[in-house]
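Structure first, commentary second.
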Amino acid sequence: MAKIDQLKCRECARTYDVGPIHVCEFCFGPLEAVYDYDGIAKSISREKIAAGPQTIWRYADLLPVNDDTPRVDLGAGYTPLVPAPRLGAELGIDDLWLKNDTLNPTYSFKDRVVSVALSKAREFSLDVGACASTGNLANSVAAHAAKAGMGACVFIPDDLEQGKIVATAVYGSALVAVKGNYDDVNRLCAEIADNYPWAFVNVNMRAFYSEGSKTLAYETVEQLGWEYPDHIVVPIASGAQLVKVRKGLGELHRVGLMDSAATTKVHGAQAVGCSPVAEAFARGVEHVRPQKPNTIAKSLAIGNPADGFYALKAVRETGGAIDMVDDDEIVESILLLARTEGIFTETAGGVTVGVLAKLAKAGTFKPGERVVAFITGMGLKTLEAVTERAKPTATITPTLEAFEHQIEIGVIPNGR
Amino acid sequence: MTVKVRIPTPLRKLTADKAEVEAGGGTIREVVDDLERQFPGFKERMCDENGELRRFVNVYVGEEDIRFLNGLDTEIPSGELVSIIPAVAGG
Chain A
43 MAKIDQLKCR ECARTYDVGP IHVCEFCFGP LEAVYDYDGI AKSISREKIA
93 AGPQTIWRYA DLLPVNDDTP RVDLGAGYTP LVPAPRLGAE LGIDDLWLKN
143 DTLNPTYSFK DRVVSVALSK AREFSLDVGA CASTGNLANS VAAHAAKAGM
193 GACVFIPDDL EQGKIVATAV YGSALVAVKG NYDDVNRLCA EIADNYPWAF
243 VNVNMRAFYS EGSKTLAYET VEQLGWEYPD HIVVPIASGA QLVKVRKGLG
293 ELHRVGLMDS AATTKVHGAQ AVGCSPVAEA FARGVEHVRP QKPNTIAKSL
343 AIGNPADGFY ALKAVRETGG AIDMVDDDEI VESILLLART EGIFTETAGG
393 VTVGVLAKLA KAGTFKPGER VVAFITGMGL KTLEAVTERA KPTATITPTL
443 EAFEHQIEIG VIPNGR
Chain B
191 MTVKVRIPTP LRKLTADKAE VEAGGGTIRE VVDDLERQFP GFKERMCDEN
241 GELRRFVNVY VGEEDIRFLN GLDTEIPSGE LVSIIPAVAG G
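Chains as they are written, first to last, in the numbering used here: chain A, 43 to 458; chain B, 191 to 281.
As structure tokens, this is what we get:
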């Protein structure tokens with residue numbers, strides 16, 4: 043069964059045959075996979091999903107692949123959704139849950155999108171995976187390409203965190219550090235993609251790639267026992283993840299997995315140093331003004347977000363909000379999450395938790411409402427952000443006296 | 191003044207598959223008008239019904255996005271390359 047038979051422009055609705063193309067030839071609008079939802083509704087069921095693999099592929103019916111699409115699979119997805127009562131108590135949120143996407147194969151949500159994109163690349167007989175990346179995507183493309191025996195060429199800004207550079211290069215792909223910011227890298231890749239027959243996951247594979255993020259919404263609802271949460275908080279970089287989470291929520295009802303349409307409010311989180319979407323939300327306008335990013339949250343540092351307009355629209359349509367936190371708040375939020383829930387997130391997660399706190403303070407969440415925050419990447423990738431705040435409590439000689447001295451002066455707590 | 195303009199794949203059907211063309215004009219607006227004269231239909235692809243740059247089209251003068259400069263009225267320094275590039279997703 044062909045679940046998707048065409049691609050459609052989100053702006054002007056012109057249609058195209060399925061292939062490695064990403065923009066409308068007429069208006070440059072992004073292309074979107076068109077599904078046969080009625081056909082999917084006939085074959086999909088909660089039982090079939092429960093019997094599937096514990097990965098994103100349990101939702102294969104709602105992904106832009108066919109039965110014979112080769113799967114490039116490291117086991118992305120179906121990450122834990124955990125209650126977070128201690129963080130909830132700190133922030134004054136009654137019923138807080140965290141989607142711990144740091145537990146993906148390359149430790150960020152990007153594995154969801156890359157698994158879909160490179161599977162599709164295989165279907166199109168493309169042999170090289172490529173991307174412009176702020177780091178997490180680079181890690182994921184390099185790892186998935188290695189697993190699939192594909193070539194890879196990934197492009198990053200040259201000022202990325204060491205962890206993200208090493209965790210890409212280790213997989214043996216070509217890694218090109220570009221002197222410039224992410225928007226410069228992205229622009230370069232858009233030009234390279236025109237000239238090389240590669241699967242640029244975020245360029246010519248974008249229509250398929252971005253669909254992988256829908257699985258975050260499916261999993262959240264399934265893991266809550268097939269119930270929608272009242273609120274979801276998502277970080278915004280290009281905006282694609284938020285848009286697709288919202289789309290995923292809508293599809294659950296469309297294909298009959300849920301009896302009613304979602305009423306979940308979707309909220310967005312940005313860093314002050316790169317806040318084009320939050321700024322447009324605050325000003326109450328539709329137009330997202332590009333910015334030159336300057337923030338420690340490098341994985342969210344996209345000054346010209348391609349899906350910013352749609353993310354803004356999705357948030358407003360669901361009754362959500364977008365807020366931002368500065369670099370100090372990001373660091374404090376990383377430490378708070380680690381201290382209360384035992385999850386070490388990268389800077390993007392600090393942004394999400396920081397904005398979660400702000401929304402809670404603003405009274406966004408009513409008593410008893412269920413709130414889910416997406417923790418999308420892990421802390422070992424951005425050690426630089428917290429190095430100054432996460433050091434040995436004491437450094438001592440290997441003697442009992444030296445240790446007891448630390449207790450006496452109160453540096454080490456003498457509690458039970 | 192004549193400038194070189196880099197054409198992205200989606201627009202090359204209009205330029206007979208040429209990846210780079212020459213156009214006359216001192217500002218982006220003038221260049222777009224000249225491209226429309228050379229390749230009828232070009233302007234409609236670049237600009238919406240209000241004459242503003244379409245949301246998903248990025249235009250660069252040299253290294254800089256014209257949205258950081260003066261938009262369509264951005265002046266083009268002599269010898270600088272103009273690039274038209276579709277917006278792409280990211281992360």
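Don't be surprised by glycine CBs; every beta carbon is placed ideally from N, CA and C.
Kindly give me the distance between the Cβ atoms of A:V76 and A:I46, rounded to whole angstroms, as I take these residues to be in contact under 8 angstroms. 6 angstroms
My guess is that A:M366 and A:Q312 are in contact by the Cβ rule of under 8 angstroms, so how many angstroms apart are they, rounded? 5 angstroms
Hey, does B:D255 have any beta-carbon neighbour from chain A nearer than 8 angstroms? yes
8 angstroms contact criterion, which A:A304 and B:P276 should meet: CB distance rounded: Actually they are not in contact, since the Cβ atoms of A:A304 and B:P276 sit about 31 angstroms apart, beyond 8 angstroms.
Starting from the beta carbon of A:K232, find every residue of chain B whose beta carbon is closer than 9 angstroms, and list them in chain order. Here the sequence assigns Ala to residue 232 of chain A, which means Lys is not the residue at that position. Within 9 angstroms Cβ-Cβ: P198, N248, I275, P276, A277 and V278.
Of the residues that make up the region 65 to 85 of chain A, which ones have a beta carbon closer than 8 angstroms to any beta carbon in chain B? V65, C66, E67, F68, C69, F70, G71 and P72
How about A:C316 and A:F242: are their beta carbons less than 8 angstroms apart? no
Cutoff 7 angstroms; reference A:D225; Cβ partners in own chain excluding five residues on either side: Around A:D225: I344, G345 and N346.
What three-state label does DSSP hand A:N237 in the structure shown? Three-state result, A:N237: helix.
Just curious, the beta strand (DSSP E) that A:Q312 is in, first and last residue? K307 to A313
Beta-carbon of B:F258 versus every beta-carbon of chain A: anything under 8 angstroms? yes
Is there a C-beta anywhere in chain A that falls below 8 angstroms from the one on B:R219? no
State the Cα-Cα distance for the pair A:A216 and A:G193, rounded to the nearest angstrom. 8 angstroms
Integer Cβ distance of B:V195 from B:A213, believed to fall under 8 angstroms: 5 angstroms
Listed from N- to C-terminal order along the chain, which residues in the region 222 to 242 of chain B have their beta-carbon within a distance smaller than 9 angstroms of any beta-carbon of chain A? E234, R235, M236 and D238
Anyone know if the C-beta pair for A:I274 and A:T257 falls short of 8 angstroms? no
Quick one: residues in its chain with C-beta nearer than 7 angstroms to the C-beta of A:V330, no 5 flanking neighbours on either side, listed in chain order? P318, V319, A322, P347, G350, F351 and L354
Just list the residues that DSSP pairs A:S150 with in beta bridges. A:G419
Tell me which same chain residues have a C-beta within less than 7 angstroms of the C-beta of A:G361, skipping the five on either side of it? K307
Collapsed DSSP secondary structure at A:H295 in the structure displayed: Shown here, A:H295 sits in a helix according to DSSP, grouped into three states.
Mind reading off the beta-carbon distance from A:D103 to A:S85? Whole number of angstroms is fine, and I expect it under 8 angstroms. 6 angstroms
Decide yes or no for the touch test of the region 366 to 377 of chain A against the region 118 to 129 of chain A: beta carbon pairs closer than 8 angstroms, at least 3 of them. Contact fails: fewer than three Cβ-Cβ distances are below 8 angstroms.
What number of angstroms, rounded off, separates the C-alpha of A:E269 from the C-alpha of B:V221? 55 angstroms
With B:K164 as the anchor, note down where its beta strand (DSSP E) starts and where it stops. One cannot answer for residue 164 of chain B here, as it falls past the ends of chain B, which runs 191 to 281.
Taking its Cβ as the centre, do 16 or more other Cβ atoms sit within 10 Å of A:Q204, making it buried, or is it exposed? Exposed is the call here.
Would you say A:N181 faces chain B, with C-beta separation under 8 angstroms as the test? no
May I ask which residues mark the beginning and end of the alpha helix (DSSP H) holding A:G396? T389 to K403 is the span of the alpha helix (DSSP H), which, as asked, contains A:G396.
Would you kindly report the start and end of the unbroken beta strand (DSSP E) that includes A:D365? First-last of the beta strand (DSSP E) with A:D365: I364 to V367.
Using C-beta distances below 7 angstroms, list every residue in its chain close to B:F203, excluding the 5 sequence neighbours before and after it, in chain order. Note on identity: in this sequence residue 203 of chain B is Lys, with Phe being the wrong assignment. Nothing meets the Cβ criterion.
Chain-ordered chain B contacts of A:D236 [CB-CB under 7 angstroms]: P198 and T199
Nearest CA to the CA of A:D78: which residue from A:R56, A:G396 and A:L105? A:L105
Against chain B, does A:D201 count as a neighbour if the rule is that its beta carbon must be under 8 angstroms from one of theirs? no
Can you pull the DSSP bridge partners for A:P271? Looking at the DSSP assignment, A:P271 forms no beta bridge with any residue, so it has no partner.
Which class does A:P199 belong to by DSSP, given the choice of helix, strand or coil? Three-state result, A:P199: strand.
Just to make sure I have the definition right: I need the residues of chain B whose C-beta is within less than 7 angstroms of the C-beta of A:V245. Which are they? V278
If we ignore side chains and look at the alpha-carbon of each, how far apart do A:T97 and A:A402 end up? Taking the straight line from one Cα to the other gives about 32 angstroms.
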